[in-house]
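**Q**
Chains as they are written, first to last, in this note's numbering: chain A, 222 to 432; chain B, 29 to 315.
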């Protein structure tokens with residue numbers, strides 16, 4: 222199997238594939254070739270798009286511009302892939318770009334932040350509509366509380382708590398150390414509790430007892 | 029403070045109820061947008077490659093011309109200077125665009141003690157004994173002689189549209205169909221024009237066009253000084269012994285000795301040597 226085929230296969234399979242130091246200079250141009258192939262690109266998009274959507278949804282909540290953000294992620298990936306050194310898996314690479322795009326979306330103006338929120342409640346999913354409405358109301362309060370956190374804490378907490386990722390995975394996506402990530406999550410947890418002390422719905426959502 | 033795992037599980041369950049995924053149409057739109065971005069990247073790469081290739085081809089095409097220009101500006105000296113008639117330089121012309129092919133070499137002139145380069149119908153160079161002169165080019169369209177030091181008499185007979193020039197340490201003397209003399213040293217350049225026009229281009233400074241009856245003196249630290257050609261100046265530039273003893277040239281020339289700006293009473297040179305007797309032009313009077 223040629224190195225290029227091997228690399229493209231690795232892209233398609235999504236296996237965690239680390240190149241040796243000797244193989245790196247030879248393989249640097251391969252992602253460009255892979256991305257220049259429309260079929261390979263389609264495969265990559267089909268495989269990674271659900272995960273990108275889910276990460277953006279967890280970090281930012283339901284937004285009307287989610288499609289634009291997902292598109293930005295893949296356009297940024299097309300631009301950044303020539304510099305991809307293969308230190309991590311392609312999923313981690315695209316995940317890091319997703320975090321970057323989400324962080325940029327969090328830095329938007331007040332108008333952008335409020336314009337992009339879904340103001341109308343969506344249709345209830347699941348067999349129990351009443352539970353779904355309550356869950357949606359809880360999530361609404363959680364989102365409001367999360368918006369009061371700094372982007373770094375918010376991203377770390379969302380990925381750990383809402384997405385269920387491990388600390389080392391979050392550290393790889395955010396480009397920080399595990400201890401720093403753990404510290405951010407702890408601080409976010411404490412700040413959320415402080416906010417929940419004044420918000421009964423949030424307190425109920427977090428499962429906190431009235432003190 | 030510990031991480032609250034029960035809260036994590038609870039919030040995770042809550043988040044799983046949150047829906048906002050894209051539909052298939054939106055995913056297709058995103059895939060199309062990403063695919064459209066690829067040709068743009070490819071086209072940009074091709075554009076940059078084309079520009080680089082064009083620049084390379086241009087450089088390759090212009091390189092010989094630049095090299096030729098540099099060679100003309102700073103001529104190489106493969107043969108080294110020739111001191112008098114001891115080491116004649118043999119040169120031959122290969123092209124016949126401006127005239128016949130000429131093969132000639134510097135030869136010792138027993139009468140003058142100097143050397144002589146006879147290019148036949150094209151031109152004649154005659155150098156004094158202590159002159160340091162060498163041939164740079166004898167091509168049919170370009171006759172170039174380098175005069176390092178000493179005196180050189182040049183007679184451009186028939187250049188056929190070509191150029192003839194004498195290069196000196198301080199400037200370039202070009203023939204414009206003329207008879208002129210050049211005396212050069214490391215510190216001074218003197219030019220006297222008997223007939224026609226001569227353009228003198230100093231190494232540093234603007235060129236000067238000399239007409240018949242003018243002389244030029246150029247030093248290393250002074251500007252070109254053009255003066256009226258006198259017999260004394262002419263004798264200083266070109267010794268009488270290296271002048272061409274060809275009465276026919278004088279008779280057929282347009283300049284007559286009587287028209288030369290001889291200074292009255294200056295029949296002796298600075299060295300005390302009597303000046304040459306002015307020749308009388310045969311005005312076509314029947315013998």
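We put the beta carbon where it would ideally sit given N, CA and C, even for glycine.
Can a CB atom of chain A be found closer than 8 Å to the CB of residue 34/B?
**A** yes
**Q** Ordered along the chain, which non-local residues of its own chain (more than five positions away) have a Cβ less than 7 Å from that of residue 369/A?
**A** Around residue 369/A: 416.
**Q** Locate the alpha helix (DSSP H) running through residue 314/A, then write down its first and last residues.
**A** 311-327
**Q** Determine the direct distance from the alpha carbon of residue 86/B to that of residue 78/B, and round the result to whole angstroms.
**A** 12 Å
**Q** Assuming residue 198/B and residue 246/B form a contact by the criterion Cβ under 8 Å, report the distance between their Cβ atoms to the nearest whole angstrom.
**A** 6 Å
**Q** Compare the C-beta of residue 387/A with all C-beta atoms of chain B and state if any pair is closer than 8 Å.
**A** Output row for residue 387/A: interface = no.
**Q** What does the alpha-carbon distance come out to for the pair residue 56/B and residue 263/A?
**A** 10 Å
**Q** Where does residue 262/B land, buried or exposed, given buried means 16+ other C-beta within 10 angstroms?
**A** buried
**Q** CA-CA distance, residue 349/A and residue 302/A?
**A** 44 Å
**Q** Confirm the yes/no value for this check: CB of residue 92/B, any heavy atom of the ligand PLP, distance under 7 Å.
**A** Looking at this structure, you won't find the ligand PLP or any other ligand, since it has none at all.
**Q** State the DSSP-derived secondary structure class of residue 267/B, mapped to helix, strand or coil.
**A** coil
**Q** Based on Cα-Cα distance, which residue from 150/B, 155/B, 149/B and 132/B lies nearest to residue 139/B?
**A** 155/B
**Q** Answer yes or no: does any C-beta atom of chain B fall closer than 8 Å to that of residue 314/A?
**A** no
**Q** Cβ closer than 7 Å: which chain A residues qualify as neighbours of residue 46/B?
**A** 278, 283 and 360
**Q** Of the residues that make up the region 49-60 of chain B, which ones have a beta carbon closer than 8 Å to any beta carbon in chain A?
**A** Flagged, chain order: 49, 50, 54, 55, 57, 58 and 59.
**Q** Does the distance from the CB of residue 313/A to the CB of residue 393/A come in under 8 Å?
**A** With respect to residue 393/A, residue 313/A sits close: the two C-beta atoms are nearer than 8 Å.
**Q** Would residue 353/A count as contacting chain B if we go by Cβ distances under 8 Å?
**A** yes
**Q** Measuring alpha carbon to alpha carbon, tell me which of 299/A, 428/A, 327/A and 421/A ends up nearest residue 282/A.
**A** 327/A
**Q** If you drop the 5 nearest sequence neighbours on each side, which residues of the same chain put their C-beta closer than 6 Å to that of residue 246/A?
**A** Summary for residue 246/A: the model assigns pLDDT 38, below 50, so the residue's position carries little reliability; its value from the coordinates is reported in the next sentence. None.
**Q** Tell me, please, whether the region 30-45 of chain B touches the region 260-274 of chain A by the rule of three or more beta-carbon pairs shorter than 8 Å.
**A** no
**Q** What is the C-beta distance between residue 170/B and residue 191/B, in whole angstroms, given that I count them as a contact (C-beta under 8 Å)?
**A** 5 Å
**Q** Would you say residue 340/A lies against chain B (beta-carbon separation less than 8 Å)?
**A** Only weak support is given to the placement of residue 340/A: the predicted model assigns it a pLDDT of 49, under 50, and the question is left unresolved by the model.
**Q** Would a check of beta-carbon distances place residue 428/A closer than 8 Å to chain B?
**A** At a cut-off of 8 Å between beta-carbon atoms, residue 428/A makes contact with chain B.
**Q** With distances taken between CB atoms, is the gap from residue 287/A to residue 277/A smaller than 8 Å?
**A** Contact flag set, yes.
**Q** Could you tell me the alpha carbon to alpha carbon distance between residue 366/A and residue 411/A, rounded to whole angstroms?
**A** 12 Å
**Q** Just the C-alpha distance for residue 61/B and residue 296/A, rounded to the nearest angstrom, thanks.
**A** 8 Å
**Q** Can you tell me which of 308/A, 294/A and 362/A puts its alpha carbon nearest to the alpha carbon of residue 318/A?
**A** Taking residue 318/A as reference, the option from 308/A, 294/A and 362/A with the minimal CA-CA separation is 294/A.
**Q** Counting along the chain, where does the alpha helix (DSSP H) carrying residue 215/B start and finish?
**A** Run containing residue 215/B: none; DSSP gives neither H nor E here.
**Q** Check whether the Cβ atoms of residue 151/B and residue 179/B sit closer than 8 Å, and answer yes or no.
**A** no
**Q** Round the Cβ separation of residue 228/B and residue 235/B to the nearest angstrom and send it over; I've been treating them as touching at under 8 Å.
**A** 6 Å
**Q** Pull the bridge partners of residue 373/A from the DSSP assignment, please.
**A** BP columns for residue 373/A are empty, so no partner.
**Q** Using a beta-carbon distance cut-off of less than 7 Å, what residues from the region 295-321 of chain A approach chain B?
**A** Answer in chain order: 295, 296 and 299.
**Q** Three-state secondary structure (DSSP) at residue 292/A?
**A** It is helical.
**Q** Verify whether the separation of the beta carbon atoms of residue 43/B and residue 388/A is less than 8 Å.
**A** Contact: no.
**Q** Cβ closer than 7 Å: which chain B residues qualify as neighbours of residue 422/A?
**A** What residue 422/A touches in chain B: nothing, since even the nearest Cβ is about 12 Å away.
**Q** My understanding is that residue 266/B touches residue 220/B, with C-beta atoms under 8 Å, so please give their C-beta distance in whole angstroms.
**A** 6 Å
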